[in-house]
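There are 2 protein chains.
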Amino acid sequence: MTTKKAKEKPVILITNDDDITSKGIRSLVEAVSELGTVVVVAPDSPQSGMGHAITIGSPLRMNKMNLFGDVEAWQTSGTPVDCVKLAVDKILHRKPDLCLSGINHGANHSINVIYSGTMSAAMEASIEGIPSIGFSLLDYNYDADFTASKQVVQKMVSALLKKKLDKHLLLNVNIPSLPPEKIKGIKICKQAYAKYEEDFSERLDPHGKKYYWLTGEFKNFDKGRDTDVWALEHGYVSVVPVQFDLTNYTLKKQLEKSNLFK
Amino acid sequence: MTTKKAKEKPVILITNDDDITSKGIRSLVEAVSELGTVVVVAPDSPQSGMGHAITIGSPLRMNKMNLFGDVEAWQTSGTPVDCVKLAVDKILHRKPDLCLSGINHGANHSINVIYSGTMSAAMEASIEGIPSIGFSLLDYNYDADFTASKQVVQKMVSALLKKKLDKHLLLNVNIPSLPPEKIKGIKICKQAYAKYEEDFSERLDPHGKKYYWLTGEFKNFDKGRDTDVWALEHGYVSVVPVQFDLTNYTLKKQLEKSNLFK
């Protein structure tokens, strides 16, 4: 009976970009381990800001780990996107029913969706035809408090597992750094046009040669009340449905009419 | 007089992901050097498949190079996206009028737009408010023939420089590997739903430990005649207008109606 029941459970693939030892991925595993058969495949080192990088020019390693009790777990030397590919082709040998990425230590709202390893792993799953969600908490601390995040994850994943999901479903979920009772609710949003105004800190190395560190100040240029940045600033969890068709259809129509390149 | 004229010319930033010594970037510089004041800022090593990766955890280096005659050129230790950021903040100290990325050795049509360092550099420029185009030739060879590509670049860039461009304009241009007279024209397209069906080649290292190389077969699941893959297969240059707002507005409406997470 137990075996049969276990087999009926949905298979949930979990990955992240902060690395397999982070508190965020552990919190995600704890939040959903009762909701399905969980398998973790995550990077062996931090991969924040890796975007949709894949490893082409060098080989990948993977090792089975004993980190989450009964939950099967693998660490890989690859990027978050590599982890999803390895999980499907070499570990699960099938597509999982759901892919969850995170919980990221730090925001992935607005333009961050493009730079984020967390969201790129989720997008890779969506491209493969696996419904997928990336979760991020607005707290960069190593020891951040994931109490409210775990409740949000449980609520959303439970709701979604009751539905027949579109195979390309992809959600970018950001959670404000607040205690559970202070969170106002879950809001469906659009991606804000908000971005980093970059600057580089210029320094001299011990040999007198210049080097540069990326720094930047976050600026929201989007005044809409339907954006993820607005929702988060007002105490809501933001949920942005995401797509991987990047075609700008408005510009496509304009260019077709213009005959510019004829 | 010469100085004044030079100042009036548009400033064109050129980058790529194959590295600053590749034939593709040299071809791009040659194609547009008469059309503006060209500045090259490109990676010092190959960065294919880097997607929208940025360098957060380590410092960056850059060095001025003498590779393109009179054209100012810098190589950096960063990703293609880092190159755009460094160019704007530390080299040009302004936004260029146009950013061109490539010419990539190999296709960046369909889903490749997401993995491609070439396109991510162009997208970064577009996010920054710099009109931008990524060019790719469907030939991975080191010594590929860029004759037709250079003509396409010249035609498109000349046409665009005559217009007032939207500051977020972003085009993904792919060029079939054909002699100029065989190219049928330039076609405005949508991104095909075509992707790699991945597989990993499993091998043993000299110490008996397993490692994995990413391999894959390209498959087009999109039967439309309005896609980039269709255009390229039929001898056209494909132009896909690209956007960085990844919100799936259709799914957004559905979720808002559903009350799924209330």
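Heads up: the sequence lines are chains A and B, in that order.
With the first letter of the first sequence counted as 1, position 178 gets the number 178 in my numbering; the numbers rise by one all the way through.
To convert a position in the second sequence, counted from 1, into my numbering, add 1000.
For glycine and all other residues, C-beta sits at the position ideal for the given N, C-alpha and C.
Counting along the chain, where does the alpha helix (DSSP H) carrying A:N112 start and finish?
Numbered from its first residue, the first sequence carries residue 112 of chain A at position 112. Element bounds for A:N112: 112-115.
Nearest neighbour of A:C269, chosen from A:D143, A:A87, A:D222, A:A53 [CA to CA]:
Within the shown structure, residues of chain A are numbered from 1 to 262, placing residue 269 of chain A beyond reach of any answer.
Strictly under 9 Å for the Cβ-Cβ distance: is B:L1160 near chain A by that measure?
As a working note, residue 1160 of chain B is residue 160 in the second sequence. Answer yes: the Cβ-Cβ gap between B:L1160 and chain A drops below 9 Å somewhere.
In the DSSP assignment, what residue or residues form a beta bridge with A:L171?
On the first sequence, position 171 is the one that residue 171 of chain A refers to. DSSP output for A:L171 lists A:I133, A:P241 as bridge partner(s).
Listing by chain order, which chain A residues have their CB less than 8 Å from the CB of B:R1061?
Against the second sequence, residue 1061 of chain B aligns to sequence position 61. Those are K209, K210, Y211, Y212, listed as they occur along chain A.
Where in the region 1136-1170 of chain B do unbroken runs of the alpha helix (DSSP H), each at least 4 residues long, occur, reported from the N-terminal end onward?
1147-1161
When the distance is taken between beta carbons, is A:A121 closer than 9 Å to A:C83?
Here residue 83 of chain A refers to the residue found at position 83 when the first sequence is read from its first residue. Here residue 121 of chain A refers to the residue found at position 121 when the first sequence is read from its first residue. Closer than 9 Å, so yes.
Assuming B:S1136 contacts B:G1102 (C-beta within less than 8 Å), just tell me the rounded distance between them.
Numbered from 1 along the second sequence, position 136 holds the residue referred to as residue 1136 of chain B. Numbered from 1 along the second sequence, position 102 holds the residue referred to as residue 1102 of chain B. Yes, B:S1136 and B:G1102 are in contact; Cβ-Cβ is about 6 Å, under 8 Å.
Against chain B, which members of the region 78-107 of chain A pass a CB distance test of less than 9 Å?
Listed in sequence order: G78, T79, V81, D82, K85, L86, V88, D89, K90.
Would you mind telling me which residues of chain B sit closer than 8 Å to A:K190, beta carbon to beta carbon, in chain order?
As a working mapping, residue 190 of chain A is identified with position 190 in the first sequence. Listed along chain B, the residues sitting closer than 8 Å to A:K190 by beta-carbon distance are D1245, T1247, Y1249, K1252.
Sort A:N174, A:A125, A:R203 by Cα distance to A:A107 and report the nearest one.
For the purposes of this step, residue 107 of chain A is taken as residue 107 along the first sequence, with counting starting at 1. When only C-alpha atoms are compared, the closest one is A:N174.
Buried or exposed for A:D70, going by 16 or more other Cβ atoms inside 10 Å?
As a working note, residue 70 of chain A is residue 70 in the first sequence. Exposed, by the Cβ-count rule.
For B:S993, report the span of its alpha helix (DSSP H) as first-last.
What the structure shows of chain B is the stretch from 1001 to 1262, and residue 993 of chain B is not part of that stretch, so it cannot be assessed.
How many Å lie between B:K1262 and A:I186 at the Cα?
Taking the second sequence and counting its residues from 1, one reaches residue 1262 of chain B at position 262. Taking the first sequence and counting its residues from 1, one reaches residue 186 of chain A at position 186. In a straight line, the C-alpha of B:K1262 is about 7 Å away from that of A:I186.
Distance cutoff 9 Å, beta carbons only. Does B:R1203 sit that close to anything in chain A?
Start at 1 with the first residue of the second sequence, and residue 1203 of chain B comes out as number 203. Yes, because at least one Cβ of chain A sits closer than 9 Å to the Cβ of B:R1203.
Can you give me the start and stop residues for the alpha helix (DSSP H) that B:I1025 sits inside?
As a position in the second sequence, residue 1025 of chain B is number 25, starting the count at 1. Unbroken alpha helix (DSSP H) run through B:I1025: 1023-1032.
Assigned secondary structure, B:D1199 (DSSP; H/G/I helix, E/B strand, else coil)
Translated into positions along the second sequence, residue 1199 of chain B becomes position 199. In the structure shown, B:D1199 sits in a strand (DSSP, three-state: E or B).
Which one or two residues does DSSP pair with B:F1218 in a beta bridge?
Counting from 1 along the second sequence, the entry for residue 1218 of chain B is found at position 218. DSSP output for B:F1218 lists B:Y1196 as bridge partner(s).
Applying a beta-carbon distance threshold of less than 7 Å, which residues of chain A neighbour B:D1199?
Counting from one through the second sequence, the residue named residue 1199 of chain B turns up at place 199. What B:D1199 touches in chain A: D89.
Output needed for B:R1061: all residues of its chain with C-beta closer than 6 Å, excluding positions within five of it in sequence on either side, in chain order.
Translated into the one-based positions of the second sequence, residue 1061 of chain B becomes position 61. Cβ neighbours of B:R1061 beyond the five flanking positions: S1077.
Residues bridged to A:A42 by DSSP?
Against the first sequence, residue 42 of chain A aligns to sequence position 42. Per DSSP, A:Q75.
For the region 40-64 of chain A, enumerate the residues whose C-beta is nearer than 8 Å to any C-beta of chain B, in chain order.
P46, S48, G49, M50, G51, H52, A53, I54, T55, I56, G57, P59, L60, R61, M62
In angstroms with no decimal places, state the Cα-to-Cα distance between A:R326 and A:F68.
This structure cannot settle anything about residue 326 of chain A, because the visible part of chain A is limited to 1 through 262.
Which residues DSSP lists as bridging A:T227, in chain order
Indexing the first sequence from 1 puts residue 227 of chain A at position 227. Its beta-bridge partners are A:K190.
Less than 6 Å between C-beta atoms, sequence neighbours within five positions excluded: which residues of the same chain meet that for A:G36?
Locating residue 36 of chain A in the first sequence gives position 36, where the first residue counts as 1. Result list for A:G36: K9, P10, I12, in chain order.
Rounded to whole angstroms, what is the Cα-Cα separation between A:A42 and A:E198?
On the first sequence, position 42 is the one that residue 42 of chain A refers to. On the first sequence, position 198 is the one that residue 198 of chain A refers to. Taking the straight line from one Cα to the other gives about 29 Å.
Determine contact between the region 202-215 of chain A and the region 237-255 of chain A, defined as no fewer than three beta-carbon pairs at a distance below 8 Å.
Result no; under three Cβ-Cβ pairs closer than 8 Å.
Grab the span of the beta strand (DSSP E) containing A:V11 for me, first residue to last.
By one-based count along the first sequence, residue 11 of chain A stands at place 11. Start and end: 11-15.
Reducing DSSP to helix, strand and coil, say where A:S101 ends up.
On the first sequence, residue 101 of chain A is found 101 positions in, with the first residue counted as 1. A:S101: strand per DSSP, three-state reduction.
Environment of B:K1150 [buried if 16+ CB atoms lie within 10 Å]
If you number the second sequence from 1, residue 1150 of chain B lands on position 150. Classification for B:K1150: buried.
Let me confirm a value: A:H57 is counted as buried when at least 16 other C-beta atoms fall within 10 Å, else exposed. Which label applies?
Locating residue 57 of chain A in the first sequence gives position 57, where the first residue counts as 1. In the sequence as presented, His is not what sits at residue 57 of chain A; that position holds Gly. The residue is exposed, with fewer than 16 neighbouring Cβ atoms inside 10 Å.
C-beta neighbour in chain B for A:L13, strict 9 Å
As a position in the first sequence, residue 13 of chain A is number 13, starting the count at 1. No - not a single Cβ of chain B is within 9 Å of the one on A:L13.
Quick check: what's the CA-CA separation for B:L1171 versus A:H168?
Looking up residue 1171 of chain B in the second sequence gives position 171. Looking up residue 168 of chain A in the first sequence gives position 168. Cα to Cα, the separation comes out at about 25 Å.
Excluding five sequence neighbours on each side, which residues of the same chain lie with their C-beta closer than 8 Å to the C-beta of A:V32?
Working through the first sequence from its first residue, we reach residue 32 of chain A at position 32. Counting only Cβ-Cβ distances below 8 Å, and skipping sequence neighbours, we find I12, I14, V38, L100, V153, Q154, V157.
Exposure label - B:A1006; buried when at least 16 CB within 10 Å:
Residue numbering aside, residue 1006 of chain B sits at position 6 when the second sequence is read from its first letter. Note that B:A1006 scores a pLDDT of 46, beneath 50, so its modelled location is shaky; the value from the coordinates is reported in the next line. By the neighbour-count rule (16 or more Cβ atoms within 10 Å), B:A1006 is not buried but exposed.
Can you tell me where the alpha helix (DSSP H) with B:L1060 in it begins and where it stops?
Start at 1 with the first residue of the second sequence, and residue 1060 of chain B comes out as number 60. Neither: B:L1060 is in no alpha helix (DSSP H) and is coded neither H nor E.
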